[in-house]
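A.B. asks:
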Amino acid sequence: MLVWQQQKNSGGRRVGMLTTKSGVLQTPFFMPDATRATVRGVTSDELKMSGTMALVVNTYHLMLQPGESLVRRAGGVHTFMHWDRPILSDSGGYQVYSLIHKNPQMGRITEEGAEFRSVLDGTKHLLTPERAIQIQFDLDVDMMVVLDDPRPNSAPETEVREAVKRTLRWAQRSKTEYEKQVALRGLTGEIRPLLFGVVQGGMFREERKRCVEGLVEINFDGYGFGGRHIDMEGNFLEDILLYTASLIPEDSLRFALGVGTPEDIARCHALGWDMFDCVIPTREGRHGRLFVWKSEVIPSVSEESRDSSAAPQNDRNFYTTINISNAQYEEDFSPVDPTCDCELCTKYTRAYLKHLFKVGEPLAARLASLHNLRFYAKLMDLLQKG
RNA sequence: GUGACUAUCGUUCAACGGUUAGGACUGCGGUUUGUGGUACCGCUAAUCUGGGUUCGAUUCCCAGUAGUCACC
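FYI, the numbering used here numbers position 210 of the first sequence as 210, with every residue one higher than the one before it.
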């Protein structure tokens, strides 16, 4: 049975319905990052009310704290955090990479897996492809991601080629372990968790191609875009995103990991990507940046946004952002976004939110995060409808 | 009232007889893309007043003013 049924919306865009054991998801969809089994500062009920349909937890962080066995004894991460909609767990490959990248003393990548020291207590850990899968089964999530071997976009081709080869070997080990766990845990009768491979290859088309072909041969439910989708200067890497999407079979899910700004999500969807996750709505919300709709018409692709160099940095063609800590909002008694139906926008003013941030009130971060998540939910709704 | 001590960005601490007096916090902006993020990066902003010594004083001296503490 196909877990993802593709349809075309009125605009001829790629949309569909994804069946998971925790419910059906319309694609495209966005998942906020609940890295440590919480979207910082907001409750699961509030998340639901924002229109958030799924979220991402992190294998690396949860294995260190509170540990996957505790989550298992709690009844799985859904029960643990009181969230009954779909959950995807990221493998931790990216965390290990960024940890070691920042400080090589913190660990190393070997063929066996990722050896690293816990940032919490300095203890040594080994995260292998098999272990990452086992942990994700213990977490009892709906969607899993294989451990991969990301490299910086600036890495030379020889290094990227080795990373792709290792990612493929690890992907095979992950798939084997996945099948073993499905059998071991007797999950054959129910809807099994979905498994995603991750496409590495940096900026090199040949490597992206080699990686997708290898992964497709192993066969996954979906394929993620690994690495970063923007360069050092923050430029959107449209060519490689389009090319990589085109390599992935039409009927497989395409997961753009870590994407992104509302603009980047709209562009990635236009390039053929179905799933997104990012820290931006919550992190920027916590720091006082709010998304505000300008128009509910999302422009077709990137041509318009490309030559918008004259426009201010924060001003995109269908939305703008405000930094609520700016002095101009001190006596602004209007809502953050009059068209938004979130709690912040229907009950409070910009002046009040600015005040909450100024006095360091946690409520500020909560209201702002929820507003931004509401913005993202609406964005996905518009993309689904075309 | 007497004595001692102190006086530097809005606040709080540095420093120095000699180029643009430094930090922290606040203020004003900005950054954030598979969350080590209550994070990070800029910018603005000060030598109490009046004399004196000196080539040169924010620094040393005197007076004033203000504050703190102690004593009466």
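Every residue, glycine too, gets a C-beta built ideally from N, C-alpha and C. Remember, it's a predicted structure, so these values are computed and weren't measured experimentally.
1. Entirely within the stretch 87 to 146 and at least 4 residues each: give me those alpha helix (DSSP H) ranges in chain order.
2. So which of Leu367, Lys358, Ala327, Val359 has the shortest CA-CA distance to Asp337?
3. Given this structure, state the Cα-to-Cα distance separating His101 from Pro335, to the nearest angstrom.
4. What number of angstroms, rounded off, separates the C-alpha of Gly201 from the C-alpha of Asp332?
5. Look up Asn58 in the DSSP assignment and give the residues it is bridged to.
6. Since Asp251 is in the beta strand (DSSP E), which residue starts that stretch and which ends it?
7. Helix or strand or just coil, what does DSSP make of Gln172?
8. In terms of DSSP beta bridges, what is Lys8 paired with?
9. Excluding the 5 residues preceding and the 5 following His61 in the sequence, name in chain order all residues of the same chain whose CB lies nearer than 6 Å to its CB.
10. In the DSSP assignment, what residue or residues form a beta bridge with Ala256?
11. For the alpha helix (DSSP H) holding Asn372, just list the boundary residues, first then last.
12. Excluding the five sequence neighbours on either side, which residues of its own chain have a C-beta within less than 8 Å of the C-beta of Glu330, listed in chain order?
13. With DSSP as the reference, identify every bridge partner of Ile240, one or two as the case may be.
14. What are the residues that DSSP puts in a beta bridge with Gln26?
15. Closer than 7 Å: is that where the CB of Glu157 sits relative to any heavy atom of the ligand FAD?
16. Counting pairs of Cβ atoms below 8 Å between the stretch 207 to 217 and the stretch 159 to 171, do you hit three or more?
17. Which whole-angstrom value describes the C-beta separation of Leu271 and Leu242, a residue pair presumed to lie in contact below a C-beta threshold of 8 Å?
18. Look up Ile230 in the DSSP assignment and give the residues it is bridged to.
19. Pick from Gln105, Ala54, Tyr97: whose alpha carbon is nearest that of Leu127?
20. Using 8 Å as the threshold, is the stretch 150 to 166 in touch with the stretch 129 to 136, meaning 3 or more CB pairs across them?
21. Using CA atoms only, rank isn't needed, just tell me which of Val42, Leu290, Gly23, Lys358 is closest to Ala327.
22. Indicate the three-state DSSP secondary structure (helix, strand or coil) for Met203 in the structure shown.
23. Taking only the alpha-carbon atoms, compute the straight-line gap between Leu195 and Met143 and give it to the nearest angstrom.
24. Which same chain residues end up closer than 7 Å to Pro182 when comparing Cβ atoms and leaving out the 5 residues on each side of it in sequence?
25. Rounding to the nearest angstrom, what Cα-Cα distance links Ala310 and Pro152 in this structure?
26. In whole angstroms, what separates the C-alpha of Ile109 from that of Glu115?
27. Helix, strand or coil: how does DSSP classify Phe220 here?
28. What residues in its chain sit with their C-beta under 8 Å from that of Ser369, if we drop five residues either side in the sequence?
29. Three or more C-beta pairs closer than 8 Å, one from the stretch 246 to 265 and one from the stretch 216 to 236: is that the case here?
30. Taking buried to mean at least 16 other C-beta atoms within 10 Å of its own C-beta, is Thr339 buried or exposed?
31. In whole angstroms, what is the alpha-carbon distance linking Ala74 and Arg316?
32. Just curious, the alpha helix (DSSP H) that His269 is in, first and last residue?
33. Of the residues Gln384, Leu383, Tyr376, which one's Cα is nearest the Cα of Leu55?
34. Are the CB atoms of Thr52 and Pro32 nearer to each other than 8 Å?
35. Between the C-alpha atoms of Ser305 and Glu179, what's the straight-line distance to the nearest angstrom?
C.D. replies: On the basis of the coordinates in this document:
1. 93 to 102, 129 to 139
2. Leu367
3. 42 Å
4. 48 Å
5. Under DSSP, Asn58 forms a beta bridge with Asp90.
6. Careful: Asp251 lies outside any beta strand (DSSP E) and carries neither H nor E.
7. helix
8. The partner list for Lys8 (beta bridge, DSSP) reads Arg14.
9. Thr35, Arg36
10. Phe225, Phe276
11. 362 to 385
12. Excluding residues within five positions, the ones whose Cβ falls inside 8 Å are Ala351, Lys354.
13. DSSP output for Ile240 lists no bridge partner at all.
14. Met17
15. Inclusion of the ligand FAD in the displayed structure is not the case, the ligand content being empty and no account of it being possible.
16. yes
17. The beta carbons of Leu271 and Leu242 sit about 5 Å from each other, so the pair counts as a contact at 8 Å.
18. Phe236
19. Tyr97
20. At 8 Å Cβ cutoff, the stretches do not touch.
21. Lys358
22. coil
23. 6 Å
24. In the sequence under discussion, the amino acid at residue 182 is Val, which differs from the Pro named in the question. For Val182, where only same-chain residues beyond five positions count, the Cβ hits under 7 Å are Thr188, Arg192.
25. With a pLDDT of 40 at Ala310, under the threshold of 50, the modelled position of this residue cannot be trusted, and the question is left open.
26. 6 Å
27. Reduced to three states, the DSSP call for Phe220 is coil.
28. Val39, Arg40, Gly41, Val42, Pro281, Thr282, Gly285, Arg286
29. yes
30. exposed
31. 44 Å
32. 262 to 270
33. Closest option to Leu55, Cα to Cα, is Tyr376.
34. yes
35. Confidence is the limiting factor: at Ser305 the pLDDT is only 44, short of 50, which leaves the residue's position unreliable, though a coordinate-based value still follows. A direct Cα-Cα distance of roughly 44 Å separates Ser305 from Glu179.
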